[in-house]
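Step one of this worksheet: look at the structure below.
Residue numbers (the numbering used here): 1374 to 1536.
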């Protein structure tokens, strides 16, 4: 299947945050599995499993676990890495082995694509860092709002992980 068939058209979810930390620390907190475990997922979730093969063509596999014990697995492939500046990767729901599963396996709607795209940029602001996250392909409406809330809660936890 071509990328054009996997990533839906529509507005991208874009979130920008400025962190009071140098770009190298923000980059490390975003890319090191032990750091990612501290902030991945919405407020009430933990991240018991984060595996990162951080190279172009490498894979990400992560598990978010809710307070009810339900696990939500996701995977992606790194398409572009420019150290301390930019990361582009695919984003899909998966099973615990990294096999892509349809979002309906986690109770999401049929309009959720099997693959989306996440682009994260890191801009040096003289001791602070501007992070811009662009999540492309989300279904417009309730699911996009839910994803936006989840990302914002994760980024709130990210601030704590920088400490």
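Backbone N, C-alpha and C define an ideal beta-carbon position, used for all residues, glycine too.
Let's test the definition: count the other Cβ atoms within 10 Å of the Cβ of residue i and tell me whether it reaches 16, buried, or not, exposed.
i	result
residue 1455	exposed
residue 1402	buried
residue 1375	Residue placement at residue 1375 is poorly supported in this model, since its pLDDT is 30, which falls under 50; the coordinates still yield a value, given next. It counts as exposed.
Taking C-alpha atoms, which residue in the options lies nearest to residue i?
i	options	result
residue 1484	1498, 1474, 1511, 1531	1511
residue 1462	1514, 1385, 1408, 1431	1431
residue 1425	1415, 1439, 1440, 1448	1448
residue 1502	1458, 1490, 1524	1458
residue 1468	1415, 1514, 1433	1433
residue 1497	1445, 1509, 1400	1400
residue 1517	1482, 1411, 1406	1482
residue 1471	1422, 1524, 1409	1422
residue 1460	1506, 1489, 1536, 1473	1506
residue 1480	1493, 1446, 1495	1446
residue 1389	1524, 1536, 1535, 1534	1524
Can you give the beta carbon distance from residue i to residue j, rounded, assuming they're within the 8 Å contact cut?
i	j	result
residue 1417	residue 1435	Going by Cβ atoms, the distance from residue 1417 to residue 1435 rounds to 16 Å, so no, they are not a contact pair.
residue 1414	residue 1527	6 Å
residue 1384	residue 1491	Contact doesn't hold; Cβ gap of about 15 Å is too wide.
residue 1451	residue 1466	With 8 Å as the limit, residue 1451 and residue 1466 do not qualify as a contact, their Cβ atoms being about 18 Å apart.
Taking the alpha helix (DSSP H) that residue i belongs to, which residues open and close that run?
i	result
residue 1446	Here residue 1446 belongs to no alpha helix (DSSP H); instead the beta strand (DSSP E) covers 1444-1455.
residue 1416	Neither: residue 1416 is in no alpha helix (DSSP H) and is coded neither H nor E.
For residue i, report the span of its beta strand (DSSP E) as first-last.
i	result
residue 1421	1419-1425
residue 1483	Counting along the chain, residue 1483 falls outside any beta strand (DSSP E), and DSSP gives it neither H nor E.
residue 1477	First-last for residue 1477: undefined, no H or E at that position.
Using a Cβ-Cβ distance cut-off of 7 Å, determine whether residue i contacts chain B.
i	result
residue 1394	Included in the structure is just one protein chain, with no chain B present.
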